[in-house]
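Trainee: This is the structure I have questions about; it appears just below.
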Amino acid sequence: MNLSHEPMTSAVFDLSEFPLVIARNDAIAPGYAVAWEQDMNALLKSGEHFVLLFVSPRPEETHEDRKQRGLWLKANRDALSQVCKALITVEPDEREREESKAGAAAISKAFGIPLEAVATLDDAKQIGRQLLSETGD
């Protein structure tokens, strides 16, 4: 499936600016991990490079959703690192942004994907496009 040429629907992500994939905060509700997993499988299957953007404030997820997503991420770490060029979190609050940056190395190591924390969505998009251009996308 070629996401940039074939429309794909996503329960959890806004794909309107693909290969920039923006998490939809309104989709994070108890039980959402099933849809998240389906969407992530479709992104992997496409084989196309992308960057995941997460915009603050993000809702809390349930323990079960976090557990299910963690298991999927562990099982798909290598495949995901081949297509997902970065996770970028948008955090306008400077203190929280610095906390995200402080934990970036551990998250990057766990998922095999670089993590960036920036102040604005525009900054996130700019960095995402830059990272994608470095991979030839």
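Read in order, the letters of the sequence shown are residues 1185 to 1321 in our numbering. Every residue gets a Cβ at the ideal spot worked out from N, C-alpha and C, and that includes glycine. It should be emphasised that the depicted structure is a prediction, and the values quoted were computed from it without experimental measurement.
1) Does the distance from the C-beta atom of Val1196 to that of Tyr1216 stay below 9 angstroms?
2) I think Leu1299 touches Leu1271, with their Cβ atoms under 8 angstroms apart; what is that distance to the nearest whole Å?
3) So, is Ser1188 buried or exposed, given that buried needs 16 or more other C-beta atoms within 10 angstroms?
4) For Glu1232 and Ala1263, what's the separation of their Cα atoms in angstroms?
5) Between the C-alpha atoms of Asp1198 and Gln1222, what's the straight-line distance to the nearest angstrom?
6) Quick one: residues in its chain with C-beta nearer than 8 angstroms to the C-beta of Glu1302, no 5 flanking neighbours on either side, listed in chain order?
7) List the DSSP bridge partners of Glu1300.
8) Express the C-alpha separation of Ala1289 and Glu1278 in angstroms, rounding to a whole number.
9) Mind checking which residues open and close the alpha helix (DSSP H) that includes Ile1206?
10) Per DSSP, Phe1197 is paired with what?
11) Determine whether the beta carbon atoms of Phe1295 and Arg1261 lie at a separation below 9 angstroms.
Mentor: To lay it out plainly:
1) It is a contact, given that the beta carbons lie within the stated cut-off.
2) For Leu1299 against Leu1271, the beta-carbon gap comes to about 5 angstroms, under 8 angstroms, which counts as contact.
3) Reliability fails at Ser1188, whose pLDDT of 47 lies under 50, so the model's placement of it is uncertain and no value is given.
4) Near 11 angstroms, if we compare the C-alpha coordinates of Ala1263 and Glu1232.
5) Cα-Cα distance, rounded: 14 angstroms.
6) In the sequence on display, residue 1302 carries Val and not Glu. So the list reads Ile1272, Thr1273, Val1274, Glu1275, Arg1281, Ala1308 and Ile1311, once near-sequence residues are dropped.
7) According to DSSP, which records beta bridges pairwise, Glu1300 is partnered with Ile1272.
8) Taking the straight line from one Cα to the other gives about 18 angstroms.
9) In the DSSP annotation of this structure, Ile1206 is not part of any alpha helix (DSSP H); the continuous beta strand (DSSP E) holding it starts and ends at Leu1204 to Ala1207.
10) DSSP lists Ala1207 as partners of Phe1197.
11) Against a cut-off of 9 angstroms, the Cβ pair of Arg1261 and Phe1295 comes out as a contact.
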